[in-house]
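To start, the structure under review is shown below, and the notes come after it.
Protein chains: 2
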Amino acid sequence: MVNKFNQTVKPTRLIMKEIKDKTEDKILDAAHEVFLRKGMDGARMQEIADEAGINKALLHYYFRSKEKLFEAIFATVLKKAFPNILKFLASDLTLEQKVDLFIESYIDLLQKNPYLPMFILKEINRNPESLADIIRSKVEDPEQLFETIGNELRKNDIFEVDPRHLLVNIIALSVFPFAARPLVQQVMFGNDKKAYQQFLSERKQVVKQFIHRSISKP
Amino acid sequence: MVNKFNQTVKPTRLIMKEIKDKTEDKILDAAHEVFLRKGMDGARMQEIADEAGINKALLHYYFRSKEKLFEAIFATVLKKAFPNILKFLASDLTLEQKVDLFIESYIDLLQKNPYLPMFILKEINRNPESLADIIRSKVEDPEQLFETIGNELRKNDIFEVDPRHLLVNIIALSVFPFAARPLVQQVMFGNDKKAYQQFLSERKQVVKQFIHRSISKP
DNA sequence: GTCTATATGGCGATAGAC
DNA sequence: GTCTATCGCCATATAGAC
């Protein structure tokens, strides 16, 4: 689109929309950053505004309240944090490969989002109802899921394992070193960041091996 | 001590002291209760006062600030949460027995204090410096601890295992189902409290078996 | 030591100019 | 849409009577 001075212009609505999106995105990015580190209770609207390079009033203009802004962040984060397990099960890989793939991609995710575990743990304990959405949208039928995992397990010559305990084990082993970072880093490695990172990078291999040894028959 | 009417009485100072202790203990109990559920950020001095059956002003009379009161609670809780691992190693039990004993007593502790994991995780992430004390007083020399565990492991004909990873694994498997209670209970058991409790009571056995299979050679 | 009343500050939220 | 200024509340903390 070109005006009478031959300058390219865009329809006003589009310009508005782009500006809006830009600001809204800046807010969402900033809120994501702050909420993930501090959680709902610890975060301050002022800090989010600073991080986004705007002021508090604008936050309320785009999202009516802190609670609403938080919910927007929580919903997207929660989706990311619940990998679709059925997707892993559907492929025609061996059980061992499926488990490896799941562990590897999950720890990958956590290394890119180290604050994710505590963010979710804090919120689901603060407000357990916040889980209801995800249950409906993502894990539609848990009963069915564990049934499927159970069937997959029985196809293999391994120890009898409760699917729920197995899943909890895999997630626990993956998540804990991130959630307990200060503990692991300070107490186990004398606050040596490098040593802690090294520990994390060994983790994928360790968890995979650990899980397989725990279910494989001699 | 007897007065002129032959009634037993106590010196005023002692009476004062007892009253003081009673109130102080009531405060500590109440603070323990509230802080463990809500954490430093989520707790309210009013709620602690109500729980103790006194008013807010008294809290500040006994402990100067919320922060100081919290520190008092955190210190005692942290001590409880760090079992003396060397104690378990010192006995002349087999490795398997030592591991079993540790897991069993630790999960026992968590069942009696289900809020303990999240309380500690939240606080060490909010204020990592809070760990410094415990490091000095309890886990004096981590290097030494893992050296000792490593030696113990090498005495047995098992897979080569990094003591740090093994310890993290044991704690992760024990702690996670408590820290992630809403997740496990709602998502895995359709919010069936009984089923979740049943799951927890199976946990000791599961974790023990899991650990042993993962380190035992065929 | 314990209470009521109040000061003080911070934070979420809104009003209103531009 | 964005800003400055301000309201109103709530939580920690203190003053002061008893």
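So the sequence lines, in the order shown, correspond to chains A and B. The first sequence begins at 1 in my numbering and counts up by one. The second sequence begins at 1001 in my numbering and counts up by one. Beta carbons are placed, not taken as given, at the ideal position from N, Cα and C, and that holds for glycine.
- The alpha-carbon of L183/A is positioned some 12 Å away from that of D192/A.
- Distance between V168/A and V1099/B, taken at the CA atoms: about 20 Å.
- Within a 10 Å sphere around the beta-carbon of Y61/A sit fewer than 16 other beta-carbons, which makes this residue exposed.
- Beta-carbon to beta-carbon, S214/A and F1210/B are separated by about 5 Å, close enough to satisfy the 8 Å threshold.
- Taking all protein chains in view, the Cβ of Q186/A is crowded by 16 or more other Cβ atoms within 10 Å, so the residue is classified as buried.
- K1038/B is positioned such that its CB atom lies no closer than 8 Å to that of A1049/B.
- The stretch 28-45 of chain A and the stretch 113-120 of chain A touch, with no fewer than 3 CB-CB distances between them shorter than 8 Å.
- Taken in chain order, the whole alpha helix (DSSP H) runs of length 4 or more contained in the stretch 93-145 of chain A are 95-112, 116-126, 132-137.
- Close to F1074/B, with beta-carbon spacing below 8 Å, lies no residue of chain A; the smallest spacing is near 13 Å.
- Going by C-alpha positions, L1089/B is about 41 Å away from E1051/B.
- Between the alpha carbons of L1059/B and E140/A lies a distance of about 47 Å.
- Taking one beta carbon from each stretch, the stretch 1146-1159 of chain B and the stretch 139-154 of chain A have fewer than 3 pairs nearer than 8 Å; the two do not touch.
- Assignment of S1174/B by DSSP, reduced to helix, strand and coil, places it in the helix class.
- Beta-carbon to beta-carbon, F159/A and K217/A are separated by about 6 Å, close enough to satisfy the 8 Å threshold.
- Taking 7 Å as the upper bound on Cβ-Cβ separation, chain B lies near residues D41, G42 of the stretch 38-56 of chain A.
- Closest in C-alpha terms to V161/A, from the list E1202/B, A1172/B, L1110/B, comes E1202/B.
- With respect to chain B, the C-beta atom of I170/A has no partner C-beta closer than 8 Å.
- Annotated as proximal: P163/A and L153/A, with beta-carbon spacing under 8 Å.
- Not a single CB atom of chain B sits nearer than 8 Å to the CB of H32/A.
- Distances from the alpha-carbon of L166/A to those of K1026/B, V1206/B, A1075/B put V1206/B closest.
- By the neighbour-count criterion, in which a residue is buried when 16 or more other Cβ atoms sit within 10 angstroms of its Cβ, N125/A is buried.
- I1054/B places its beta carbon less than 8 Å from that of T1023/B.
- Judged by DSSP secondary structure, E202/A falls within the alpha helix (DSSP H) whose first and last residues are 193-215.
- Neighbours of I124/A in chain B, taken as residues whose beta carbon is under 9 Å from its own, are A1180, R1181, P1182, L1183, Q1186 in chain order.
- Here R1181/B is buried, its C-beta having at least 16 other C-beta atoms within 10 Å.
- M40/A is the residue among I85/A, M40/A, L86/A, D92/A whose C-alpha sits nearest the C-alpha of K68/A.
- DSSP places I54/A outside both helix and strand once states are collapsed to three, so it counts as coil.
- For V175/A against F1176/B, the beta-carbon gap comes to about 7 Å, under 8 Å, which counts as contact.
- Residues K1217 of the same chain have their beta carbon placed closer than 7 Å to that of D1157/B, with the five preceding and five following residues left out of the count.
- Counted as a single uninterrupted DSSP element, the alpha helix (DSSP H) harbouring E1071/B occupies residues 1066-1081.
- If you check each beta-carbon in the stretch 1089-1107 of chain B against every beta-carbon of chain A, none falls closer than 9 Å.
- Only those residues of the stretch 202-214 of chain A whose C-beta falls short of 9 Å from the nearest C-beta of chain B are listed: E202, R203, V206, V207, Q209, F210, I211, H212, R213, S214.
- By the criterion of a C-beta distance shorter than 8 Å, E1123/B is surrounded in its chain by G1039, M1040, F1074, S1130, once the five residues flanking it on both sides are discounted.
- In terms of beta-carbon proximity, P142/A lines the interface with chain B, with at least one pair separated by less than 8 Å.
- Nearest neighbour of S1137/B by Cα position, chosen from T1076/B, A1172/B, L1101/B, E1104/B, turns out to be T1076/B.
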